[in-house]
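Chemist: At position 101 of the sequence shown the residue is numbered 101 (the working numbering), and the sequence of numbers has no breaks. C-beta atoms are modelled at their ideal positions from N, C-alpha and C, and glycine is treated no differently.
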Amino acid sequence: MLPAVLLGLVGCALLRISLLSDLYLRYVKEGLRPLLIASGVVLVVLGFLAALRTREPHGHDKDGHGHAHSAAGPKTAWLLALPAVMLLLFAPPALGSYTVARDGSGAVARRTTFAPLPKLSPLPLSLSDFTSRAVWDEKGSLKGRTVRLTGFVAPGNATAWQLSRVVVSCCAADARVLKVEVHGIVAPPADSWVTVTGTWRPAAKAPALDAIKIERIAQPRNPYRDSARP
Numbered sequence: 001m002l003p004a005v006l007l008g009l010v011g012c013a014l015l016r017i018s019l020l021s022d023l024y025l026r027y028v029k030e031g032l033r034p035l036l037i038a039s040g041v042v043l044v045v046l047g048f049l050a051a052l053r054t055r056e057p058h059g060h061d062k063d064g065h066g067h068a069h070s071a072a073g074p075k076t077a078w079l080l081a082l083p084a085v086m087l088l089l090f091a092p093p094a095l096g097s098y099t100v101a102r103d104g105s106g107a108v109a110r111r112t113t114f115a116p117l118p119k120l121s122p123l124p125l126s127l128s129d130f131t132s133r134a135v136w137d138e139k140g141s142l143k144g145r146t147v148r149l150t151g152f153v154a155p156g157n158a159t160a161w162q163l164s165r166v167v168v169s170c171c172a173a174d175a176r177v178l179k180v181e182v183h184g185i186v187a188p189p190a191d192s193w194v195t196v197t198g199t200w201r202p203a204a205k206a207p208a209l210d211a212i213k214i215e216r217i218a219q220p221r222n223p224y225r226d227s228a229r230p
């Protein structure tokens with residue numbers, strides 16, 4: 001009976017996070033939702049069929065009477081069901097400041113060409129676009145521009161804090177960190193989502209912003225998608 005229960009629980013957990021909510025976005029990218037839903041349905045059906053099979057008569061004794069097939073296993077095997085039960089009952093948080101604090105790379109994707117920036121002011125930019133331009137754009141397209149960046153708060157050093165995003169290519173296992181040093185405004189609580197308005201600090205060693213305004217916002221529906229807007 002245990003295999004049937006495990007299949008059913010895992011299937012229900014997948015359906016809960018992908019069909020009934022957006023929690024799947026904390027694990028994988030948005031385009032994988034149909035596959036998660038299909039996998040959940042298949043596992044629930046397999047669990048139901050496995051449960052039926054364990055209840056079917058199996059074999060005969062000397063008197064010709066059927067007896068139920070026993071699939072009993074070690075009692076500790078039921079502990080395997082705990083992860084699925086936890087996923088059904090609790091919503092894990094998205095990766096945040098804890099991940100940023102343990103990421104020492106500070107790597108910025110290299111780009112060789114940059115499209116002209118719109119004449120908007122303040123100009124909404126994604127963190128990936130801002131950091132790439134700050135490090136690799138020899139023409140200095142950020143110079144003198146007032147920009148708006150959105151991300152969550154991560155602790156920094158004595159003079160600045162980190163505006164950060166965690167982005168994924170496929171799933172949370174391949175997550176990479178984007179971060180911009182923010183100067184001039186006291187940091188809100190860690191993991192708060194904010195939109196910061198300011199100007200590029202070209203003299204800094206890492207991508208940095210001299211902030212002039214900050215606005216607290218709700219966590220975006222998809223926290224792992226780097227966007228110019230919330």
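1) Alpha helix (DSSP H) containing residue 163: first to last residue?
2) Expressed to the nearest angstrom, what Euclidean distance is found between the alpha-carbon atoms of residue 185 and residue 213?
3) My output table needs one value for residue 170: the three-state DSSP class, helix, strand or coil.
4) Specify the secondary structure class of residue 232 as computed by DSSP and reduced to three states.
5) For the putative contact between residue 8 and residue 44, defined by C-beta atoms under 8 Å, what is the C-beta separation to the nearest angstrom?
6) Quick check on this structure: which residue in 97, 148, 131 and 103 has the alpha carbon closest to the alpha carbon of residue 122?
7) Could you give the DSSP three-state label for residue 45: helix, strand or coil?
8) What span of residues does the beta strand (DSSP E) with residue 154 cover, start to end?
9) To which residues of the same chain is residue 154 closer than 6 Å at the C-beta, ignoring the five residues directly before and after it?
10) Locate the beta strand (DSSP E) running through residue 87, then write down its first and last residues.
11) Going by the beta-carbon positions, is the gap between residue 228 and residue 137 smaller than 9 Å?
Modeler: Taking the geometry as given:
1) Not the alpha helix (DSSP H): residue 163 falls in the beta strand (DSSP E), residues 161-167.
2) 8 Å
3) coil
4) This structure cannot speak to residue 232, because the chain is shown only from 1 to 230.
5) 6 Å
6) 148
7) helix
8) 146-154
9) 97, 100, 162 and 164
10) Run containing residue 87: none in the beta strand (DSSP E); it sits in the alpha helix (DSSP H), 82-89.
11) no
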